[in-house]
Amino acid sequence: MFRIALGTTYYHNDHWTFRTGIAFDDSPVPAKNRSISIPDQDRFWISAGTTYAFNENASVDVGISYMHGQHVKIKEEMPSIGMPLPAYEFKSSGSAWLAGVNFNYKL
């Protein structure tokens with residue numbers, strides 16, 4: 625399992641900071657252990673965000689990310705009880721949009 629990521633931050637002025645990044649997550653579940661209960665897959669992320677500083681003590685962060693999961697095939701076999709049972713194949717994929725807003729205040 626590994627993660628590769630690259631990001632950058634641009635300080636526009638005393639008020640505005642911009643960030644962006646990309647990442648690749650290797651699935652923590654090996655292909656041989658995937659099941660319909662744990663259909664995990666490798667993921668690709670792209671993110672962007674900004675910070676606006678009102679003053680030295682108060683700021684707000686806004687960010688958005690898109691996560692795209694790799695398409696995977698899963699083969700489930702039922703335990704045999706004296707007679708052969710068929711194996712079933714499933715396909716799994718996933719994607720998500722994630723967004724967040726955070727207000728920061730230093731005491």
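With the sequence shown counted from 1, adding 624 to any position gets you my numbering.
In this text, a Cβ means the ideal position worked out from N, Cα and C, and glycines have one as well.
Under the DSSP definition of a beta bridge, ILE688 partners with ALA672, ALA723. Following the DSSP letters along the chain, one finds ASP650 in no beta strand (DSSP E), marked with neither H nor E. In the structure shown, ASN681 adopts coil according to DSSP, grouped into three states. The C-beta of ASP650 has fewer than 16 other C-beta atoms within 10 Å across all chains shown, which makes the residue exposed. If you draw a 10 Å sphere on the C-beta of GLY673, you find 16 or more other C-beta atoms in it, and that means buried. ALA629: member of the beta strand (DSSP E) spanning 627-635, first to last residue. Linking SER716 to ARG627 through their CA atoms gives a straight-line distance of about 21 Å. One thing to note: GLY693 has its Cβ no nearer than 9 Å to the Cβ of SER659.
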